[in-house]
Amino acid sequence: MTEKGAIFSQNVKQVAFNKEHHDRMMARYDFFMCVAKDCANNYANIELEKSRAFNIRNKVFKYYDKLLVDFETNVIKNGGTVRWALDADEAKYMVYTILNDEKAKNVVKTKSILSEEIELIPFLEMKKINVTETDTGDFICYQYNELPSDPNHSAAHKSRSEIAEIYSEKFGVKENLNAKQLMTVTRKVLNDKYSNADAAITGADFIVADTGDIIFSENEGNVLKSIANTDIHIVLVGIDKLIPSIDDISVLLPLSSMYEVTKNKSKSIYTILNKPAKDEFRNQKLYVILVDNNRSKMLEKEQQRRIITCIECGACHSICPIFNTIGGHVYENAFPGPVGAIKSIVDGYEEAAHLATLCMSCHQCEEYCPMKIKISDLIFRNKVEIAKNDGSLLGEKRLFNFILKRVGNRKDMDKTKEFINRFELKQLIKKTWGARREIPKFAEKSFSEIWRDINEIE
Ligand code: SF4
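So the sequence shown is numbered by my numbering: it starts at 1 and just counts up by one.
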């Protein structure tokens, strides 16, 4: 096991046996299940819609280079500026250079997994830029100096009393505020930040090749407030967010928010941004930074590249029994959960090895995935690739070889008692299998033994 894998195992043990954490994750799971079971009923034919979405996103694979250039051309035509960042460092420097050139010191930022992927906030803070997270969940996590535990429900791992405690410490408010009061404090702090902000950094749900449009969906209004209050708008977006045509959003947007676990069961604010605001009062500048950061490497993988079609609906996190046991933080990845486990393959085999063990092939996530992504198959592809190339999954390799050998010669197995077979197997695989999992029982008698008994063959 790699060093990273060993630390990871320790963290998993701690969190998986924490009853409070478990109860919170289960409450979140139950809530998701209540909402999710009705979602498909909003469609006359959900499978047809999924197939449409699948085709739209697959079309992009074929024409990526052309469509990206179309997008760039259209953004420029609409009055924006486009920059291309090959990796995380380039992207961070580009953001900083723009802010520095524009003399922007106070920045409001909306939810962006990409910004966590490239570790943007610590970098900007090092450069003395004040950044405020405006998504409520992210804002709470930021007070703890923590990454969101789940891309869709960032602070789901925190209880109300924990949040009340940190708010009292940071903002000098009374201890033990209720949820409504905590929201009032959040709004007040954020409203001050909006009015003093020089620039906004946002992500994007989709970018549209044939129009140069940038699409946002949200349920808090913080994206709109951030853009409306600042004259510099930086959109930090991965090249994987590209869609061919504006007509495609009628399929993709509802699917991407169909599992939003909110009262409304969906995101309520959709924004299509076409150009920077320019009138007698404002002269806004729009910068779009298109980030690759290993996405092209992912596209080269014939199987695993399917994960690029993910529209971040969050269903796989919410349903996955493993994610619901260990939560998002132990993944130590901007993309925790099943999607992150697949994407990590481009960060190197060492990085991906321990994450590839976080799937038990129950296939539940696939039932809910609106993009028909065969998630557990792709994690399995990672396992195969890692075992072939790196040996980090040597334990699993040994297990499969052992089983193959034993099953290939059942007569050998029949010579030993069932409990001995089980003990022997457990010893061999305990590191990979885990000390607390029971090894499946072998049948007392093999088929050939039973056959011989029935037919009285010696
Ligand atoms: S198939 Fe794997 S990733 Fe999907 S829900 Fe089951 S354990 Fe989680």
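Using N, Cα and C, we set each Cβ at its ideal position, and we do this for glycine too. As the structure is a prediction and not an experimental result, all values here were calculated from the model.
Item, Value
"My output table needs one value for residue 217: the three-state DSSP class, helix, strand or coil.", "strand"
"Could you tell me the alpha carbon to alpha carbon distance between residue 386 and residue 136, rounded to whole angstroms?", "38 Å"
"Return helix, strand or coil for residue 324, following the three-state DSSP convention.", "helix"
"Mind checking which residues open and close the alpha helix (DSSP H) that includes residue 381?", "375-389"
"Pull the bridge partners of residue 286 from the DSSP assignment, please.", "233"
"Taking Cβ to Cβ, would you say residue 379 is nearer than 7 Å to residue 342?", "yes"
"Would you decide whether residue 200 is buried or exposed? Buried here means 16 or more other CB atoms lie within 10 Å of its CB.", "buried"
"Between 344, 369, 244 and 415, which has its C-alpha nearest residue 37's C-alpha?", "369"
"Hey, could you find the ends of the alpha helix (DSSP H) residue 185 is sitting in?", "179-196"
"What residues are listed by DSSP as bridge partners for residue 133?", "109"
"If you count every other CB in all the chains shown that lies within 10 Å of the CB of residue 142, and 16 or more means buried, which is it?", "buried"
"Alpha carbon to alpha carbon, how far is residue 92 from residue 160? Give it in angstroms, no decimals.", "34 Å"
"Alpha carbon to alpha carbon, what distance is there between residue 152 and residue 46?", "22 Å"
"Is there contact here, the region 342-352 with the region 171-186, by at least three beta-carbon pairs under 8 Å?", "no"
"Distance check for residue 334 and residue 440, CA to CA, integer angstroms please.", "35 Å"
"Identify whether residue 500 lies in helix, strand or coil by the three-state DSSP scheme.", "Here the chain covers residues 1 to 458 and nothing more, so residue 500 does not appear."
"Does the Cβ of residue 126 lie closer than 6 Å to at least one heavy atom of the ligand SF4?", "no"
"Does residue 299 come out as helix, strand or coil in the three-state DSSP assignment?", "helix"
"Let me confirm a value: residue 313 is counted as buried when at least 16 other C-beta atoms fall within 10 Å, else exposed. Which label applies?", "buried"
"Three-state secondary structure (DSSP) at residue 314?", "coil"
"Thinking residue 56 and residue 252 are a contact (beta carbons under 8 Å), I'd like their distance in whole angstroms, please.", "7 Å"
"Please identify the residue among 231, 178 and 245 whose C-alpha is closest to the C-alpha of residue 207.", "245"
"Can residue 108 and residue 330 be called in contact, C-beta distance under 7 Å?", "no"
"With respect to 6 Å, is the separation between the Cβ of residue 360 and the closest non-hydrogen atom of the ligand SF4 below this value?", "yes"
"Are the beta-carbon atoms belonging to residue 189 and residue 167 less than 7 Å from one another?", "no"
"Once the 5 residues before and after residue 231 are set aside, which same chain residues still bring their CB inside 7 Å of it?", "282, 283, 284 and 285"
"Count the C-beta pairs between the region 78-91 and the region 290-304 that are closer than 8 Å, then say yes if the count reaches three, no if not.", "yes"
"Within its chain, find whatever has a CB closer than 6 Å to the CB of residue 177; leave out the 5 residues flanking it on each side and keep chain order.", "164"
"With H, G and I counted as helix, E and B as strand and the rest as coil, what does DSSP make of residue 273?", "strand"
"Determine the extent of the beta strand (DSSP E) in which residue 209 is found, giving its start and end residues.", "Run containing residue 209: none; DSSP gives neither H nor E here."
"So does residue 303 have its beta carbon nearer than 6 Å to some heavy atom of the ligand SF4?", "no"
"Let me check you understand the geometry: is the CB of residue 375 closer than 6 Å to at least one non-hydrogen atom of the ligand SF4?", "yes"
"Return the first residue and the last residue of the alpha helix (DSSP H) that residue 97 is part of.", "88-101"
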